[in-house]
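UniProt numbering puts the sequence shown at residues 1 to 568. This report concerns only the one structure given below.
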Amino acid sequence: MKKTGSQFTKPFFKEIFGSERTVYYAYPREELLSEPIFPYFVFDGGAFNFANDRFGTADGDRIRDLTVSGKLFDVFSLDGQFNWKRSFAFTEGFPEFTPKYEWQIWPARLYMTIPLAQEFLRTGDWKWADEWLKIVRQWDRANPYQPFDGDVPYLKTDMVWRDMQVAWRSLSLMHGMFMLQDAPFDRETWEYLYRFLELHIRHLCEEGEDRLKRGLMQNHVLQIGVALIMAACLFPEFDNSAALLKTGADTVKMNMGAIFPDGGSDEDSPSYSHFIVRLYLEAYLLMKNNGYAPIDGIEESIKRQYEWLYQCSAPSGRVMRISDSYGMSTYDDIKRAEKLIPLTFPREKRSVLFPGSGVGVIRKNGFTLLTDAMARTNGHRHWGRPQTLLYRGETPVLVDSGCSNYDLWDFYLYLRGSGAHNVVFSPDFDDDACTVAPEITRFDADNGVISTFSRVSCGGKSYTWERTVKTDGNAVIFTDRAVSEHSLKWQAAFHLYPHHIKQTAADTVKQLADGFLLTVKTSLPCEVTLTPVMNDENRRDYCDCVVCRGEGKEFGLVTIFEFADRQK
Numbered sequence: 001m002k003k004t005g006s007q008f009t010k011p012f013f014k015e016i017f018g019s020e021r022t023v024y025y026a027y028p029r030e031e032l033l034s035e036p037i038f039p040y041f042v043f044d045g046g047a048f049n050f051a052n053d054r055f056g057t058a059d060g061d062r063i064r065d066l067t068v069s070g071k072l073f074d075v076f077s078l079d080g081q082f083n084w085k086r087s088f089a090f091t092e093g094f095p096e097f098t099p100k101y102e103w104q105i106w107p108a109r110l111y112m113t114i115p116l117a118q119e120f121l122r123t124g125d126w127k128w129a130d131e132w133l134k135i136v137r138q139w140d141r142a143n144p145y146q147p148f149d150g151d152v153p154y155l156k157t158d159m160v161w162r163d164m165q166v167a168w169r170s171l172s173l174m175h176g177m178f179m180l181q182d183a184p185f186d187r188e189t190w191e192y193l194y195r196f197l198e199l200h201i202r203h204l205c206e207e208g209e210d211r212l213k214r215g216l217m218q219n220h221v222l223q224i225g226v227a228l229i230m231a232a233c234l235f236p237e238f239d240n241s242a243a244l245l246k247t248g249a250d251t252v253k254m255n256m257g258a259i260f261p262d263g264g265s266d267e268d269s270p271s272y273s274h275f276i277v278r279l280y281l282e283a284y285l286l287m288k289n290n291g292y293a294p295i296d297g298i299e300e301s302i303k304r305q306y307e308w309l310y311q312c313s314a315p316s317g318r319v320m321r322i323s324d325s326y327g328m329s330t331y332d333d334i335k336r337a338e339k340l341i342p343l344t345f346p347r348e349k350r351s352v353l354f355p356g357s358g359v360g361v362i363r364k365n366g367f368t369l370l371t372d373a374m375a376r377t378n379g380h381r382h383w384g385r386p387q388t389l390l391y392r393g394e395t396p397v398l399v400d401s402g403c404s405n406y407d408l409w410d411f412y413l414y415l416r417g418s419g420a421h422n423v424v425f426s427p428d429f430d431d432d433a434c435t436v437a438p439e440i441t442r443f444d445a446d447n448g449v450i451s452t453f454s455r456v457s458c459g460g461k462s463y464t465w466e467r468t469v470k471t472d473g474n475a476v477i478f479t480d481r482a483v484s485e486h487s488l489k490w491q492a493a494f495h496l497y498p499h500h501i502k503q504t505a506a507d508t509v510k511q512l513a514d515g516f517l518l519t520v521k522t523s524l525p526c527e528v529t530l531t532p533v534m535n536d537e538n539r540r541d542y543c544d545c546v547v548c549r550g551e552g553k554e555f556g557l558v559t560i561f562e563f564a565d566r567q568k
């Protein structure tokens, strides 16, 4: 590394464009070298889960090694052959199968180039720059430009020149160019890279303006805004850079509407929230570092988002996995962020209700009890809500079933469903045809009580479900009541972390953990079923699920979790 700090000196830029301004990147070089670039940069859920499933890793250094060995590209081969279009052929001619979207789009974002650029920054070895450039040129040759047409639905295109693919490809290029500014590329190569990026940014500006007109708020659109801000800040000499900055800032500002005043994101997935808040942080830092007035309210929003993530993390400091979240360390990511922006919120876990997000956490008697009652209106939010998670000390007790690679459609759709969560539900209702309106109706931190109410409607039928959870000494008591005007089948599910287990009676299940004996008593007969999950290490696994069933217009159940220390 020849330089430190965040100044970006663009090789041959003045000769090519006639002028060059002093500009600054979002991150100092020193921080970029502190650890593998992933997880220093945060993957979104789709990208992480695909990489973790198909490559066996989402670690930047290991992705780098797979890239240079060619093994990464083997994943995208069909009939033993790879080319940049090959992956689109897997379900071609088989319309009954849902396409493997992640398989199609992961390589088009050029994620794999960023670890190569980081290794050049670390070592100065030209081979890493050459490998980076080779992949960029190969992708470019294989994917001619497609003009933006907002009237063509996203899924009716090959997605390569739309949406998040263009945004992340632009970000990958800019991250890489910053880390490669000392690379031995000649003027012709740098001009090619600048023009290639400029093409992407013109496209993104057009797509961003379309999203602004439509008022679309989601992380894909946020990525467009951040890429435009990065381009405007790092390449102010580009034509219409002022328009790029305005469209980018307006897009980011619009997307701040998807963040609740309490700091939660309407995507309801903490690992996505880490990804999302990092995008806001990059936008904030780029504008601050380059002397532009900040987007109104962005600094305060960033700080609230990190505090929300801190308070909604597990006792161990990892995310509490709800909806499309993957397992990651909240504490580690906050440590990275606070080197870039002051985060002064108290580092003390407490009972807290986030009313905008519909999330409440009770911390009492050594228990951590999270309830997620956010409404189900967003694609990353799972059914089965309000969802409940429970820890004793740092040990998981009631767990979420997690989230898989989105391309594993049978598994992924199961994990999204009501039956994969700790809820009472009617299997007579089709999740995808339902509306769910949950809310937290009582939050009593002093007495360790949280109550929820949910109305589920499907066609002409509906039901209500009320749950109260109370921590009482060494016990946690669940009281459930569901009511409908129609006779329905009912099911209650409690997904237990996989400790040693034994059903000792029709209404009693015991688990032996390292630190305690858990006895689960149900007021109705129960059974234990072996249930597929994604575990906290993001691997396919199983858990033991305690299930109670009933039928009729009403369903009532009391479930007691009693904890005792192991006898020495």
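Don't be surprised by glycine CBs; every beta carbon is placed ideally from N, CA and C. This one's a predicted model, so the numbers in the text were calculated from it and none came from an experiment.
Just how far apart, CA to CA, sit residue i and residue j?
i: Q181; j: V166; result: 22 angstroms
i: E119; j: V226; result: 24 angstroms
i: E282; j: E267; result: 19 angstroms
i: G366; j: K470; result: 13 angstroms
i: D410; j: D431; result: 15 angstroms
i: V352; j: L390; result: 15 angstroms
i: L197; j: D140; result: 11 angstroms
i: E537; j: H274; result: 17 angstroms
i: E348; j: R109; result: 38 angstroms
i: E300; j: I276; result: 15 angstroms
i: residue 578; j: A142; result: Lying before the first or after the last residue shown, residue 578 is absent from the chain, which here runs from 1 to 568.
i: residue 573; j: R122; result: Within the shown structure, residues of the chain are numbered from 1 to 568, placing residue 573 beyond reach of any answer.
i: G460; j: F429; result: 11 angstroms
i: S487; j: C403; result: 32 angstroms
i: D444; j: F76; result: 52 angstroms
i: M159; j: A58; result: 23 angstroms
i: K502; j: L530; result: 12 angstroms
For residue i versus residue j, is the C-beta spacing smaller than 7 angstroms?
i: L234; j: V23; result: yes
i: I477; j: T371; result: no
i: I229; j: L286; result: yes
i: E562; j: A475; result: yes
i: S426; j: L415; result: no
i: L496; j: D541; result: no
i: D262; j: G176; result: no
i: A513; j: T395; result: yes
i: W132; j: F50; result: no
i: A242; j: A183; result: no
i: A232; j: L222; result: no
i: F12; j: R187; result: yes
i: M328; j: S271; result: yes
i: L66; j: F55; result: yes
i: M164; j: H203; result: no
What are the boundary residues of the alpha helix (DSSP H) that residue i is part of?
i: E267; result: It is not in any alpha helix (DSSP H) - E267 carries neither H nor E in the DSSP assignment.
i: P39; result: 37-40
i: L390; result: That residue, L390, is in no alpha helix (DSSP H); its beta strand (DSSP E) goes 387-392.
i: V166; result: 163-179
i: K127; result: 126-142
i: W190; result: 187-214
Could you pull out every residue in the same chain whose Cβ sits closer than 6 angstroms to the Cβ of residue i, ignoring the five residues on either side in sequence?
i: D53; result: N405
i: T330; result: L309, S313, G317, V319
i: S484; result: Y463, K553
i: P315; result: T368, Y391, E394
i: F8; result: V23, Y25, F178, L234
i: T479; result: T468, V558
i: F345; result: E307
i: K364; result: G448, T471
i: F555; result: A482, W490
Below 8 angstroms on the Cβ atoms is my contact criterion, and I expect residue i with residue j to pass it. Report the Cβ-Cβ distance as a whole number of Å.
i: G5; j: P36; result: The pair is not a contact, with the Cβ atoms about 21 angstroms apart (cut-off 8 angstroms).
i: G46; j: E102; result: 5 angstroms
i: K510; j: T522; result: About 13 angstroms separates the two Cβ atoms, so there is no contact after all.
Start and end of the beta strand (DSSP E) containing residue i?
i: E527; result: 526-534
i: F494; result: 475-496
i: S451; result: 449-458
i: G556; result: 540-565
i: S462; result: 461-472
i: Q503; result: 500-505
i: T371; result: 367-372
i: M110; result: The amino acid occupying residue 110 in the given sequence is Leu; Met does not appear at that position. Note, L110: premise wrong, no beta strand (DSSP E); not H, not E.
Once you ignore the five residues that flank residue i on each side, which residues in its own chain have a CB closer than 8 angstroms to its CB?
i: Q138; result: W84
i: L212; result: T247, D250, T251, M254
i: D125; result: E119
Say the cut is 6 angstroms; is the CB of residue i nearer than that to a heavy atom of the ligand SAM?
i: K364; result: In the structure shown, the ligand SAM is absent, as is every other ligand, since no ligand is present at all.
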